[in-house]
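Undergrad:
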Amino acid sequence: MATVNKHYYKLAAGYLFPEIAQRTEHFLKQNPGLKIMRLGIGDTTEPLPPSVIEGLHQGVDKLSDVSTYTGYGAYEGEVPIREAIIRQYGRRGVSVDVSEIFVSDGAKPDSGNIQSIFGTDNRIAVQDPVYPVYIDTNVIAGRTGPFNSEKGYYEGITYMVCNESNGFFPSVPEKKVDLIYLCSPNNPTGCVATKDQLSTFVDYANQHRSIILFDAAYSAFIQQDDLPRSIYEVEGAKSCAIEINSFSKSAGFTGVRLGWSVVPEDLIAEDTKKGEINALWRRRQCTFFNGPSNVVQAGGIAALSDRGMLECQQMIDYYMENARLIKKGLQSIDITVYGGDNAPYIWMKTPKSMRSWDFFDKLLHEAKVVGTPGSGFGPSGEGFFRLSAFGHRENIIQAIQSIKENLKL
Ligand SMILES: *Cc1c(COP(=O)(O)O)cnc(C)c1O
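In my numbering, the protein residues as written are 1484 to 1892.
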């Protein structure tokens, strides 16, 4: 008699994006033909740069000839792409070995899968508000109790509050936790941890033999040179942190699919020696994954070439100009905004302390703009709202114009 994994039933109902889609659709049904502007979903919109397209084409062409055809590749990704990733770290003074890089089909799969190499009795800590994947995958794995709908929390998870008074970066937990998820630049708040802030977590983790799972998917959006793009810029991180990154946002690969994780040889848990966690992740990938697509890796190598980096940077600059326009527009009508300087997200405080979902409806009905309610990312997101800078410039300009003209404050 087959049974199912009952932990799935604990997942909080009404996932954020379906609810947004449903409310938007309902509004459109009542107002047929109306044009709405979407500043909601964190997905890239601009075409891939020419160098990346060339790289992808080359990857395809290699498959057309018997002398260059290849089948299954290395589980960890081919050496040239791992070396290209290493060169990128080198620019920030971080040295990583080829054996420590695991190329994958994206940062979401990696950040979801990584928990599987850790014991089910580990206590996890997450930022609140947070990218939902870290929590949901631990729910499925059975590391949490039930969802407490009154508090908006899962029992058994340590939520590290990120709010205005701590600049949206938490202090270390008071009690001992084992696995700590950190995301910087942060989705949804658009705020970036400083080196000192990351240091407090690295010190905590080394002291308690905890492990930090650091999601750096937006690192390429950091503008300020003194802000860390990798946790390994912080002294002592190699023994306590796994870093996860992606080509999705930096090179427009959300649909192409490519990411990587760094699992340092020096990393240790309470019950392992150096190298063992690296070997466990290799074992996990060999068992569940056959390596990233060879065509896509050719595109990834092109994105990391000098020309590719330059072209990707122009794309990032484009989105960051969108972010600047959104931020400036909102500030001009006296809305308090955070983020948006080193990340493609603007985290706005709802006017008059409105609840996030009430503001969602107000913004949709009055300004015809769709955004993302902060409360969907965790209870500390209540009273906030996320606007995404991914989008075509003309849509962004129209949306801001409409907010300025039509939102009744
Ligand atoms: C978009 C995003 C990712 C990227 O995931 P991919 O699977 O590489 O597309 C990872 N983490 C966060 C926080 C994100 O917002």
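Glycine included, every Cβ here is placed at the ideal spot set by N, Cα and C.
Taking its Cβ as the centre, do 16 or more other Cβ atoms sit within 10 Å of Ile1564, making it buried, or is it exposed?
TA: Here the question's residue 1564 lines up with position 81 in the sequence shown. Burial call: buried.
Undergrad: Cβ of Leu1870 within 7 Å of Cβ of Gly1854?
TA: Within the sequence shown, residue 1870 is the residue found at index 387, counting from 1. Within the sequence shown, residue 1854 is the residue found at index 371, counting from 1. Cβ distance < 7 Å, so Leu1870 and Gly1854 count as in contact.
Undergrad: Under 8 Å by Cβ, that's how I've got Gly1589 and Ser1729 pegged, so tell me the actual separation to the nearest angstrom.
TA: In the sequence shown, counting from the first residue as 1, residue 1589 sits at position 106. In the sequence shown, counting from the first residue as 1, residue 1729 sits at position 246. Sure, about 6 Å apart at Cβ, within 8 Å.
Undergrad: Does the beta-carbon of Phe1500 have 16 or more other beta-carbons within 10 angstroms, so that it is buried, or is it exposed?
TA: Locating residue 1500 in the sequence shown gives position 17, where the first residue counts as 1. Looking at its Cβ environment, which holds fewer than 16 other Cβ atoms inside 10 Å, Phe1500 is exposed.
Undergrad: Measuring straight from C-alpha to C-alpha, what distance separates Asn1721 and Ser1578?
TA: Numbered from 1 along the sequence shown, position 238 holds the residue referred to as residue 1721. Numbered from 1 along the sequence shown, position 95 holds the residue referred to as residue 1578. One detail in the question is off: residue 1721 reads as Lys in this sequence, not Asn. So the two alpha carbons sit approximately 10 Å from each other.
Undergrad: For Val1685, name the three-state secondary structure that DSSP assigns.
TA: The residue you call residue 1685 lines up with position 202 of the sequence shown. Helix.
Undergrad: Is the separation between the beta-carbon of Tyr1701 and that of Lys1732 shorter than 7 Å?
TA: Counted from its first residue, the sequence shown places residue 1701 at position 218. Counted from its first residue, the sequence shown places residue 1732 at position 249. Yes.
Undergrad: Starting from the C-beta of Arg1575, find all residues in its chain whose C-beta is less than 7 Å away, skip the five residues before and the five after it, and write them out in chain order.
TA: Looking up residue 1575 in the sequence shown gives position 92. So the qualifying residues of the chain are Arg1712, Ser1713, Glu1716.
Undergrad: So is the beta-carbon of Ala1700 under 6 Å away from any non-hydrogen atom of ligand 1?
TA: Looking up residue 1700 in the sequence shown gives position 217. Yes; taking the cut-off as 6 Å, the Cβ of Ala1700 has a heavy atom of ligand 1 nearer than that.
Undergrad: Ser1729 by DSSP, collapsed to three states: which one?
TA: Within the sequence shown, the letter at position 246 stands for residue 1729. DSSP places Ser1729 in strand when its eight states are reduced to three.
Undergrad: Relative to ligand 1, is the shortest distance from any of its heavy atoms to the C-beta of Gly1738 smaller than 6 Å?
TA: On the sequence shown, position 255 is the one that residue 1738 refers to. Not under cutoff, so the answer is no.
Undergrad: Does the distance from the CB of Glu1537 to the CB of Gln1780 come in under 7 Å?
TA: Residue numbering aside, residue 1537 sits at position 54 when the sequence shown is read from its first letter. Residue numbering aside, residue 1780 sits at position 297 when the sequence shown is read from its first letter. Taking 7 Å as the Cβ cut-off, Glu1537 and Gln1780 do not qualify as a contacting pair.
Undergrad: Quick one, which of Pro1827, Gln1884, Ser1863, Leu1892 has its alpha-carbon nearest Asn1649's?
TA: Taking the first residue of the sequence shown as position 1, residue 1649 is located at position 166. Answer by Cα proximity: Ser1863.
Undergrad: Need the endpoints of the alpha helix (DSSP H) that Asp1789 sits in, please.
TA: Reading the sequence shown from its first residue, position 306 is the one you call residue 1789. Residues 1789-1815.
Undergrad: May I ask you to verify whether the segment 1612-1625 touches the segment 1590-1597, counting CB pairs closer than 8 Å and requiring at least 3?
TA: Yes, the segment 1612-1625 is in contact with the segment 1590-1597.
Undergrad: Confirm the yes/no value for this check: CB of Tyr1664, any heavy atom of ligand 1, distance under 6 Å.
TA: As a first step, residue 1664 must be located in the sequence shown, where it is residue number 181. No, the beta carbon of Tyr1664 sits no closer than 6 Å to any heavy atom of ligand 1.
Undergrad: Across which residues does DSSP place Trp1764 in a beta bridge pair?
TA: Taking the sequence shown and counting its residues from 1, one reaches residue 1764 at position 281. DSSP output for Trp1764 lists no bridge partner at all.
Undergrad: Does DSSP classify Lys1851 as helix, strand or coil?
TA: For this step, residue 1851 is matched to residue 368 along the sequence shown. Correct three-state label for Lys1851: coil.
Undergrad: Using a Cβ-Cβ cutoff of less than 6 Å, which residues in the same chain neighbour Thr1833 once the five nearest sequence positions on both sides are dropped?
TA: Within the sequence shown, numbered from 1, the residue matching residue 1833 stands at position 350. Answer for Thr1833: Phe1842, Gly1866, Phe1868, listed in chain order.
Undergrad: Is any non-hydrogen atom of ligand 1 found closer than 6 Å to the C-beta of Ala1590, if you look at the structure I gave you?
TA: The residue you call residue 1590 lines up with position 107 of the sequence shown. Yes, the beta carbon of Ala1590 sits closer than 6 Å to at least one heavy atom of ligand 1.
Undergrad: With a threshold of 6 Å on Cβ separation, who are the neighbours of Tyr1552 within its own chain once the five nearest residues in sequence on each side are excluded?
TA: What you label residue 1552 is simply residue 69 of the sequence shown in a count that begins at 1. Answer for Tyr1552: Leu1546, listed in chain order.
Undergrad: By the 10 Å Cβ neighbour count, where 16 or more other Cβ atoms means buried, how is Cys1795 classified, buried or exposed?
TA: Taking the sequence shown and counting its residues from 1, the one referred to as residue 1795 is at position 312. When all chains shown are included, Cys1795 counts as buried.
Undergrad: Does the distance from the C-beta atom of Pro1483 to that of Ser1632 stay below 7 Å?
TA: Look at the range of the chain in this structure, 1484 to 1892, and you will see that residue 1483 is not part of it.
Undergrad: Tell me where the alpha helix (DSSP H) around Arg1570 begins and ends.
TA: Numbered from its first residue, the sequence shown carries residue 1570 at position 87. Note, Arg1570: alpha helix (DSSP H), 1562-1573.
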